[in-house]
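Novice: I have a structure here, written as structure tokens, and I will follow up with some questions on it.
Numbering (the working numbering), first residue to last: 7 to 149.
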């Protein structure tokens, strides 16, 4: 009788240990999943702000993050025609638009001017382009 009780107790201990050892990776996976969901929710509820103005012949594009949460962004130039041969100057650095990552979506051409992270600050871009002289409609977006 006592041997039977000891045997059942040992079996219960083994089952509990197996359960504990199997649950550790499960909790780590669930923790990562919940943290990712929390980060997406917080980022969605605290969007970045894109401010634009045109002063002294330059397009001033400002990305503002008023929150103490690190968020990634992309500054996009969206044009209605292909601008690969056009020269663009961003903060004093000249480049052809074909040197930037770009893609075509529907009838628009999208150029990724910068990809970065921002936390509780502003990032400004002083952009000079001759695209408007070529009768090409364009605007800036934040992704």
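Ideal Cβ placement from N, Cα and C applies to all residues, glycine included.
For residue 87 versus residue 115, is the C-beta distance shorter than 8 Å?
Specialist: A contact, by the Cβ cut-off of 8 Å.
Novice: Is the beta carbon of residue 106 closer than 8 Å to that of residue 124?
Specialist: No.
Novice: For residue 65, count the other beta carbons within 10 Å of its own beta carbon; 16 or more makes it buried, fewer makes it exposed. Which is it?
Specialist: Looking at its Cβ environment, which holds 16 or more other Cβ atoms inside 10 Å, residue 65 is buried.
Novice: Given a cut-off of 8 Å on the beta-carbon distance, is the pair residue 126 and residue 79 in contact?
Specialist: No.
Novice: In chain order, which continuous runs of the beta strand (DSSP E) of length 3 or greater are located wholly inside the stretch 105 to 129?
Specialist: Within the stretch 105 to 129, the complete beta strand (DSSP E) runs of at least 3 residues are 107 to 111, 114 to 124.
Novice: Less than 8 Å between the CB atoms is what I'm expecting for residue 103 and residue 147, so what's the real figure, rounded?
Specialist: Incorrect: roughly 15 Å between the Cβ atoms, too far for contact.
Novice: I need the straight-line Cα distance from residue 77 to residue 96, nearest angstrom please.
Specialist: Looking at the two C-alpha atoms, the distance is approximately 22 Å.
Novice: To the nearest angstrom, report how far apart residue 145 and residue 61 are at their CA atoms.
Specialist: Approximately 16 Å, taken between the alpha carbons.
Novice: Helix, strand or coil for residue 7, going by three-state DSSP, please let me know.
Specialist: Three-state result, residue 7: coil.
Novice: Answer yes or no: the CB of residue 114 versus the heavy atoms of the ligand HEM, is any distance below 7 Å?
Specialist: The ligand HEM is absent from the structure shown, which contains no ligands of any kind.
Novice: Around the C-beta of residue 94, are 16 or more other C-beta atoms found within 10 angstroms, so that it is buried, or is it exposed?
Specialist: It is buried - the Cβ of residue 94 has at least 16 other Cβ atoms within 10 Å.
Novice: What residue does the beta strand (DSSP E) around residue 147 start on, and which one ends it?
Specialist: Counting along the chain, the beta strand (DSSP E) containing residue 147 begins and ends at 144 to 148.
Novice: Who are the Cβ neighbours of residue 134 in its own chain at under 6 Å, not counting the five residues just before and after it?
Specialist: Taken in chain order, the residues that qualify are 64, 95.
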